[in-house]
Amino acid sequence: MTEEVELTNKTKYETLEDLPGVGPATAQKLRELGFHTIEALAMATVKELEPAGISEKKALAIINAARSSIGISFIRANELLKMRQRVLRLTTGSKALDKLLG
-10 MTEEVELTNK TKYETLEDLP GVGPATAQKL RELGFHTIEA LAMATVKELE PAGISEKKAL
50 AIINAARSSI GISFIRANEL LKMRQRVLRL TTGSKALDKL LG
């Protein structure tokens, strides 16, 4: 329930121009660099935005806004392992096939 509340409080941006600090000219430069979506921009690094003439501080703010918009966060490996262990598994009825499929 807490995760649902957190997700509803975050702003969902549709286009690059919707991001704070990104106007039409900056959005065009980002598209020329290959960043056409919010998701692509969320995976970018500050160094990748340098050719667009964006300062390091502004690039970091843009990337963080994109990441928070789509809910990208980093988790530790042990937390991921716990999540994977809670995944329900379906059986095929064949132990050998289940073992092959993982």
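Numbering (the working numbering), first residue to last: -10 to 91.
For each residue, glycine too, the CB sits at the ideal point set by N, CA and C.
- Task: Helix, strand or coil for proline 40, going by three-state DSSP, please let me know.
- Result: Mapped onto the sequence shown, residue 40 falls at position 51. Assigned with DSSP and collapsed to three states, proline 40 falls in helix.
- Look up threonine 15 in the DSSP assignment and say whether it is helix, strand or coil. By 1-based counting over the sequence shown, the position of residue 15 is 26. Reduced to three states, the DSSP call for threonine 15 is helix.
- Message: Taking the straight line between their C-alpha atoms, what separation do you get for arginine 73 and alanine 33?
- Response: One-based indexing of the sequence shown puts residue 73 at position 84. One-based indexing of the sequence shown puts residue 33 at position 44. Roughly 27 Å between the two C-alpha positions.
- Find the nearest neighbour of leucine 79 within the set Lys1, Leu69, Leu90, judged by alpha-carbon distance. Working through the sequence shown from its first residue, we reach residue 79 at position 90. Comparing Cα-Cα distances from leucine 79 to each of Lys1, Leu69, Leu90, the minimum goes to Leu90.
- Rounded to the nearest angstrom, how far is the Cβ of glutamate 45 from that of valine 35, given a contact under 8 Å? Taking the first residue of the sequence shown as position 1, residue 45 is located at position 56. Taking the first residue of the sequence shown as position 1, residue 35 is located at position 46. Contact holds; Cβ gap of about 5 Å.
- Message: Could you tell me the alpha carbon to alpha carbon distance between phenylalanine 63 and alanine 55, rounded to whole angstroms?
- Response: Taking the sequence shown and counting its residues from 1, the one referred to as residue 63 is at position 74. Taking the sequence shown and counting its residues from 1, the one referred to as residue 55 is at position 66. Rounded to the nearest angstrom, the gap between the Cα atoms of phenylalanine 63 and alanine 55 is 14 Å.
- Query: What's the C-alpha gap between leucine 38 and arginine 65?
  - Reply: Within the sequence shown, residue 38 is the residue found at index 49, counting from 1. Within the sequence shown, residue 65 is the residue found at index 76, counting from 1. One alpha carbon belongs to leucine 38, the other to arginine 65, and they sit about 27 Å apart.
- Query: Which residue from Asn53, Leu69, Lys88 puts its Cα closest to that of threonine 92?
  - Reply: Any property of residue 92 remains undetermined from this structure, which presents the chain solely from -10 to 91.
- Message: Let's test the definition: count the other Cβ atoms within 10 Å of the Cβ of leucine 19 and tell me whether it reaches 16, buried, or not, exposed.
- Response: If you number the sequence shown from 1, residue 19 lands on position 30. Buried, by the Cβ-count rule.
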